[in-house]
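Here the structure is laid out as C-alpha cells; the discussion comes afterwards.
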Amino acid sequence: MVAWSCGRAKRVECSQGRRRVKDILDWSQPRLTLWFAASAILLAGVFVIQSLGASRTLVISAPAVQVSQARLAPGTEGLLRQTAEHLSKMLEGASIGGFPGFEPPDDEEYRRKIKEQNYSAQDVNDWVKEINNFLGQIAQKNPGLTLREILQRHGLTQSQIENYIAALQRVHYAADGMKGFGVSEKTVETLTSLLKTLGVPTWAY
Amino acid sequence: MGVLVNSREFRRRYNGLLIYLHLEEWPSDIPLPTGTRVVETGDGPFDPYWRFVFEPDRTVEVVVGWFILPLPLPEAMAWYRTEMARGGWRQVSGKGYCLPESALVCFQRSEANVQVGVDLRQRPERAETNTMIRRVVVHPWQAPQTTVETATAQEPEEPIRQDEEAAVLAGVVV
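For the protein sequence lines, the chains are A and B, in the order given. This note's numbering numbers the first residue of the first sequence as 1237 and each following residue consecutively. This note's numbering numbers the first residue of the second sequence as 15 and each following residue consecutively.
In C-alpha cells, the structure reads:
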C-alpha cells in the first residue's frame, strides 16, 4: 500500500512534473519565438552595421580608385590609339600622348606624305573624318566623361594627356584653316562639336 | 599691318573674311628667326592669312602663320621668349604649356586686346620646330558716326556689308 501509495505519489509527482514541463513549454513557446526573433533582429542589426561600415570604407576609399582603376568601356583603348595614329599622320609621324607615332608603309611617296607633311587638303579631310568617327564612338561609349578623364583612366601621365589634347587642338585649327580648300565645312563642324562634347577647348580664333 | 599692295586670294567665311598674305607681309611685331620657311603641304605652301571675324559686339582680327623654324624646340622657345620681351610683349602666366615634344607660349601687350599664341612642336628626327603662330586683336564694335543726317533722311543709308567692312579694314578694294 505504502509502495503503491508511494508509487502513486511518484506517479503523481511524475505526472505533475511532466505537466510542469509541458506547462513551461506551453507557456514559453511564445517567449522562445520572441527570443529567437530578437536574436535574429540583433544579428541582422550587427550585419547591417558591419555592411554600412564596410560600404563607408568603400566610399571613403572611392576617390583613390575612382580615376586610376575605373574601367573604360570596351573598345575605348583601341579608339584612342587609332585617333592618336591619325593625329600623328598630320603631325609628321610624331608620337601623340605616348602612343607610337604613325609609321608609313614601305612606300616612298606615302612616306614623304607623312614625314615631309606632303599631304593634301583632301587627305586632311579624310583623316579628320576618321578622327571624327573614332571620337564619336569614344563619346558614345563613355557618356558624361571628358576626353581628359578618359585618357586619365587609360593611364596616361599628365604630360601625355596635355600632348594628346594639344595635338587635337592643332589639327582642329589647321583643318579649320583649310576649310574650302578640300576640307569640308561639315567635317570641321563635326570635329568642333565632338571636341565640345568631350570637353576639349578649341583655340577660339 | 600695312596696306596690301598686290592682288591676292581671299575667301568669304560665313562670319568673316580670310585674306592670304605673302611671307614679307607677316606682322613685324612678331619676329621670325632667320631661315624660317612657310609649311608646305601636298597642295603647296600654307600661306599666312589675315582673318576677320564679325561678331555682333566686336570684330576679331587674326593673323595666322604656319612655319618651320630652323631651331630645335628648347632653343625656339628661348628665342621667342627673348625676342618677344624685347618687342614689349609680356608672357601670359597660367596660359599655355611646356612639354618635351611641344609647347604653347602666350604673350600679350600692355593693350590687353592684343594677344599672341606661339604653338611649337619639335619635328621628329630633325633639329627644327614646326610652329603655328596666331596674333589676335579684338576690336569692340561701335556704331559708325555719320554726319550726313539730311541725306540719310531722304535716302536710307545701306548698312555696310560684312565683306566690305573687312575690305576697308584690310585696305583692299573688292
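Think of the CB as a built atom: it goes at the ideal place given N, C-alpha and C, for glycine as much as any other residue.
Element boundaries [beta strand (DSSP E), containing residue i]
i	result
Glu125 of chain B	Looking at the DSSP string, Glu125 of chain B is not in any beta strand (DSSP E), and its letter there is neither H nor E.
Arg1389 of chain A	It is not in any beta strand (DSSP E) - Arg1389 of chain A instead sits in the alpha helix (DSSP H) that spans Leu1383 to His1390.
Tyr1441 of chain A	Element bounds for Tyr1441 of chain A: n/a, residue is neither H nor E.
Trp64 of chain B	Tyr63 to Glu69
Tyr34 of chain B	Gly30 to Tyr34
Glu75 of chain B	Arg72 to Leu83
Distance, residue j Cα to residue i Cα
i	j	result
Glu1421 of chain A	Leu1427 of chain A	10 Å
Gly1380 of chain A	Glu38 of chain B	47 Å
Tyr111 of chain B	Thr160 of chain B	47 Å
Pro1336 of chain A	Gln156 of chain B	51 Å
Leu1316 of chain A	Ser116 of chain B	20 Å
Arg104 of chain B	Lys1377 of chain A	43 Å
Ile1397 of chain A	Leu1371 of chain A	15 Å
Gln129 of chain B	Pro158 of chain B	26 Å
Gly102 of chain B	Gln122 of chain B	9 Å
Gly1416 of chain A	Phe1338 of chain A	27 Å
Pro1340 of chain A	Ser1395 of chain A	26 Å
Ala1306 of chain A	Arg1389 of chain A	6 Å
Ser42 of chain B	Gly1413 of chain A	22 Å
Ile1386 of chain A	Leu1308 of chain A	7 Å
Glu1321 of chain A	Ile82 of chain B	22 Å
Alpha helix (DSSP H) segment containing residue i, residue limits
i	result
Asn1361 of chain A	Ala1357 to Lys1377
His1322 of chain A	Thr1312 to Met1326
Met1444 of chain A	Residue 1444 of chain A cannot be examined here, being either before or after the span of chain A that is shown, 1237 to 1441.
Glu1425 of chain A	Glu1421 to Thr1433
Pro88 of chain B	Leu87 to Arg100
Tyr1346 of chain A	Glu1344 to Lys1351
Member of the options whose CA lies at the smallest distance from the CA of residue i
i	options	result
Pro114 of chain B	B:Ser107, B:Ala90 and B:Gly131	B:Ala90
Leu85 of chain B	B:Arg27, B:Ala157 and B:Gly49	B:Gly49
Thr1423 of chain A	A:Ile1374, A:Leu1387 and A:Ala1410	A:Ala1410
Leu1383 of chain A	A:Arg1347, A:Gly1418, A:Gln1405 and A:Asp1359	A:Gln1405
Ala1375 of chain A	A:Lys1432, A:Tyr1441 and A:Glu1425	A:Lys1432
Gly56 of chain B	A:Lys1325, A:Pro1310, A:Trp1363 and A:Asp1359	A:Asp1359
Ala1402 of chain A	A:Asp1343, A:Asp1342 and A:Val1436	A:Val1436
Leu87 of chain B	B:Arg27, B:Asp61, B:Ser107 and B:Pro138	B:Pro138
Pro47 of chain B	B:Asp61, B:Glu75 and B:Glu97	B:Glu97
Asn1369 of chain A	A:Thr1319, A:Tyr1441 and A:Asn1399	A:Thr1319
Arg65 of chain B	B:Arg26, B:Leu118 and B:Lys109	B:Arg26
Short of 9 Å Cβ to Cβ, which residues in the region 55-71 of chain B face chain A? Thr55, Gly56, Asp57, Phe60, Tyr63, Arg65 and Val67
Interface residues of the region 92-115 of chain B facing chain A [CB-CB below 8 Å]: Tyr111, Leu113, Pro114 and Glu115
Residues within the region 1409-1422 of chain A neighbouring chain D, beta-carbon criterion of under 9 Å: Structure shown: chain D not included; protein chains present are A and B.
Would you list, in chain order, the members of the region 1316-1339 of chain A that have their beta-carbon closer than 8 Å to a beta-carbon of chain B? Listed by position, the residues of the region 1316-1339 of chain A near chain B (Cβ gap below 8 Å) are Leu1327, Glu1328, Gly1329, Ala1330, Ser1331 and Gly1337.
Quick check: the region 1324-1336 of chain A against the region 138-145 of chain B, are at least 3 beta-carbon pairs closer than 8 Å? yes
Taking a Cβ distance cut-off of 9 Å, strictly less, list which residues of the region 1349-1382 of chain A are near chain B, in chain order. Lys1349, Lys1351, Glu1352, Gln1353, Asn1354, Tyr1355, Ser1356, Ala1357, Gln1358, Asp1359 and Val1360
Any C-beta of chain A within less than 9 Å: which residues of the region 127-139 of chain B qualify? Gly131, Asp133, Arg135, Gln136, Arg137, Pro138 and Glu139
Give the residues from the region 71-83 of chain B that approach chain A closer than 8 Å (Cβ to any Cβ), ordered along the chain. Residues passing the 8 Å Cβ filter: Val74, Val76, Val78 and Trp80.
Using a Cβ cut-off of 7 Å, which residues of the region 1379-1406 of chain A contact any Cβ in chain B, in chain order? Ser1395, Glu1398, Asn1399, Ala1402 and Arg1406
Near-chain A residues of the region 142-155 of chain B (beta-carbon distance less than 8 Å), N- to C-terminal order: Asn144, Met146, Arg148 and Val150
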